[in-house]
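For reference, the structure is listed below as structure tokens.
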Amino acid sequence: MPFTSLYINGIRLPSSNGETFEIISPSTHQVVGISASASSEDCQNAILAAENAFKTWEHTLISERRSIFLRAAELLQSEDKSQRGKMYKDEIKRAVEEETGAAPAMTHFNWVASIGLLKDLASLGNVGELGGMNFPSEKTRGGSVIVERRAMGVIFAIAPWNSPVNLTLRAVLIPILCGNTVIFRSSEQSPRSQAIICDLFEEAGLPAGVFNFISTSRENAPRLTAEIIANPLVRKINFTGSDRVGRAIAMESAKYLKPCVLELGGKAPVVVLNDANVTEAAKGIVHGALLHSGQICMSTERVIAQREIFQVLRDKICELVRSIKAGRISSHNQTGVDPDNKLGPLFSESSAQYVLDMLHEAKEAGASVLLGDLTRERTVIQPHVLTDVKPGSRIWDQETFGPVIILNAADSVNEAVELANASSYSLTAALWTSNLYAAKDVASRIRSGYVNINGSTIYSESAYGLFGLGGSSGYGRFSINDFTDLRVIVTHPQTPASYPFFK
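Numbering (the UniProt record's numbering), first residue to last: 1 to 503.
Given below as structure tokens:
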């Protein structure tokens, strides 16, 4: 049975009190791993290790940090075995599948996206972005000003299970590139997948203490998270996950006036105009809605089409969805697995029931169920397509995190934009039209961190990352500005100064 250790100051450790927890596969419902469950002592040790490492890591050359990232990318991409005798590609795919039930497309994405992220973010670390400025003082004759961009210190990072490897890297790469050190807490669902980063960083040459990994049981997570946030050595928190947990972390951080970067939920709208390529729009919508069974913060959840094109688009989407079946998936040719299954299970039975409750509520409120049987088989829910969903209903307002597509018609472009913006989420959106001049006008009216014209909602640029505009999608960005402080040093001229108390 795979065991996931803590990783503190470059050493793999069990928890100091011997506590562990089991990881249950959402696909097989069997135990697929055991993880150390960190204690308060372990968390404090990780913070101290990060603080001690910061004293030297902050002063390393930017080129050294970039070289470590590029070396890590080479290791991930290599067909050679790692120091532990395994290929990272195979290790990532197996761990992600077993812990999260992900289909091959998502396990492969975790590997490929991680390589790309390491390369892309290494390119950000140049002198212009991380360096400072030097200029004459505008207020003191003969004075000079130095503006430095400096690392903040110890960063507390948390990333979720739904894309565990690349989201772990996203949570820690820019902080580390900026000269910070990190204490990272894994999801309770995917510690083994996320702990692969410990081996990768170590083999790439990252010094001990710069990256520290802890895992905690679900029961202990709230208490230990609060303790870490409260520690005065922790300077900033970044969290990727649900808006419910994000609010709790923001409130806890506010007690100590600590800043956060929060990348939370989504309820991504897609606006389809009359002149859109319906076939391509339907493909992009179904891909965006059903990839990973809808368990992505960028997943398409609401489709608003102009009425003239609505019926044709609806029929095309239903045609595509009928060919997609959910169920247990395995890339290892295991018995009892239907090879026609394209979607995996949801990550827990409670999550599946949450989605099912929303579907029943919507139907009772007058929504039409075009596809789907309104049932679940433990963690498996088949894709559902609904129309006539009322804004203000729970399924319109809240992230479903499941294989659900809502289709609504609009009588005008203005109404379509209003419906797209009728949400507390603002992470990503899409717009389909063949008129690029109109596209830029309409896209600018959709309130979203990203608007993808003629593309899926599941897309972001590495240099900018995903970011919400407040509300349920969170705030802050994974950027150099967000993980550094500006500090100003003013040199005054060595001439007698005039002070009001002294003539």
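Positions of the beta carbon are idealized from the N, C-alpha and C atoms, including for glycine.
CA-CA distance, residue i and residue j?
i	j	result
Ser424	Gly468	10 angstroms
Pro26	Asn435	44 angstroms
Ala254	Ser323	48 angstroms
Val272	Val172	36 angstroms
Pro2	Ile62	36 angstroms
Pro232	Ala49	14 angstroms
Pro493	Pro500	18 angstroms
Lys55	Gly455	45 angstroms
Val369	Val303	15 angstroms
Tyr256	Arg223	16 angstroms
Asn9	Ala208	5 angstroms
Ser67	Gly476	27 angstroms
Leu356	Glu202	43 angstroms
Glu41	Leu6	12 angstroms
Ala367	Asn238	38 angstroms
Glu319	Arg376	22 angstroms
Thr140	Leu75	52 angstroms
Leu466	Val451	11 angstroms
Asn166	Thr400	22 angstroms
Met87	Phe211	22 angstroms
Among the options, which one has its Cα closest to the Cα of residue i?
i	options	result
Leu13	Ala46, Leu130, Val31	Ala46
Gly266	Cys260, Thr240, Thr379	Thr240
Thr484	Ile23, Ala50, Gly132	Gly132
Gly294	Met106, Met87, Lys55	Met106
Thr20	Glu219, Leu118, Phe211	Glu219
Ser163	Tyr450, Arg150, Ala95, Thr375	Ala95
Lys390	Leu419, Val442, Ile115	Leu419
Asp243	Gln398, Phe478, Ala326	Gln398
Ser37	Asn52, Ile24, Ala53, Gly18	Gly18
Cys260	Ser123, Pro175, Gly284	Pro175
Arg170	Thr225, Ile228, Pro104, Leu262	Leu262
Thr300	Gly402, Thr140, Glu252	Gly402
Ala248	Thr225, Ile458, Asn452, Phe211	Thr225
Ile317	Arg328, Ile296, Val286	Val286
Gly470	Trp161, Ile453, Gly246	Gly246
Quick one: residues in its chain with C-beta nearer than 6 angstroms to the C-beta of residue i, no 5 flanking neighbours on either side, listed in chain order?
i	result
Ile405	Ala289, Val385
Arg185	Ile158, Ile214
Ala416	Val271, Ile304, Ala410
Asn134	Ile146
Please return the same chain residues whose Cβ sits closer than 7 angstroms to the Cβ of residue i, not counting the five positions on each side in sequence.
i	result
Ala409	Ala305, Arg307, Phe310
Asn421	Ile446, Arg447
Cys178	Leu130, Ala151, Ile480, Phe483, Thr484
Glu22	Val31, Ile34
Asp388	Gly366, Ala367, Ser368
Ile381	Ala326, Leu346, Ala352, Val355, Leu356, Gly402, Pro403
Ser472	Asp243, Leu264, Gly265, Ser424, Tyr425
Arg71	Ala204, Gly205
Any heavy atom of the ligand HEM closer than 7 angstroms to the beta-carbon of residue i?
i	result
Ala250	As far as ligands go, the structure on display features none, and thus does not contain the ligand HEM.
Closer than 8 angstroms by C-beta to residue i: which residues in its own chain qualify, once you throw out the five before and the five after it? Chain order, please.
i	result
Thr495	Gly142
Ser412	Gln306
Glu361	Ser393, Arg394, Ile395
Lys258	Ile229, Val234, Arg235, Lys236, Ile237
Check your understanding: Unbroken alpha helix (DSSP H) runs of length 4 or more, entirely within the region 362-412: which are they?
Key -> Residue ranges of uninterrupted alpha helix (DSSP H) with 4 or more members, entirely inside the region 362-412 and ordered along the chain, are 394-397.
Review point. Which ranges does the beta strand (DSSP E) cover as unbroken runs of at least 3 residues, wholly within the region 444-495, from first to last along the chain?
Key: Segments of the beta strand (DSSP E) lying fully in the region 444-495: 450-453, 484-491.
Point to revise | Complete runs of the alpha helix (DSSP H) confined to the region 72-147 [at least 4 residues] | key: Secondary structure within the region 72-147: the alpha helix (DSSP H) runs of 4 or more consecutive residues, fully enclosed, are 88-100, 104-122, 127-130 (chain order).
Check your understanding: Is the region 91-101 touching the region 186-195, taking contact as three or more C-beta pairs under 8 angstroms?
Key -> Counting Cβ pairs under 8 angstroms, three or more are found: they touch.
**Study point:** At least 3 beta-carbon pairs within less than 8 angstroms: the region 483-497 vs the region 140-156
**Key:** The region 483-497 vs the region 140-156: in contact.
Practice item. Indicate whether the contact test is met: 3 or more Cβ pairs, each with one atom in the region 457-466 and one in the region 341-348, closer than 8 angstroms. Key: Contact annotation: the region 457-466 does not touch the region 341-348, with fewer than three C-beta pairs closer than 8 angstroms.
Practice item. Kindly provide the ranges of any beta strand (DSSP E) runs that are 3 or more residues long and lie completely inside the region 6-60, ordered along the chain. Key: If only complete runs of 3 or more residues are kept, the region 6-60 shows the beta strand (DSSP E) at 6-8, 11-13, 20-24, 31-36, in order along the chain.
Point to revise | Length at least 3, wholly inside the region 408-438: the beta strand (DSSP E) runs in chain order | key: If you keep only unbroken beta strand (DSSP E) runs of at least 3 residues inside the region 408-438, you get 428-432.
Review point. Which parts of the region 158-232 are runs of the beta strand (DSSP E), unbroken and 3 residues or longer, counting only runs that do not cross its ends?
Key: Those beta strand (DSSP E) runs which fall completely within the region 158-232 and span 3+ residues are 181-185, 211-214.
Practice item. Report the residue ranges of all beta strand (DSSP E) runs contained in full by the region 241-290; include only those spanning at least 3 residues, in chain order. Key: Runs of beta strand (DSSP E) with 3 or more residues, each lying fully within the region 241-290, are found at 260-263, 268-272, listed in chain order.
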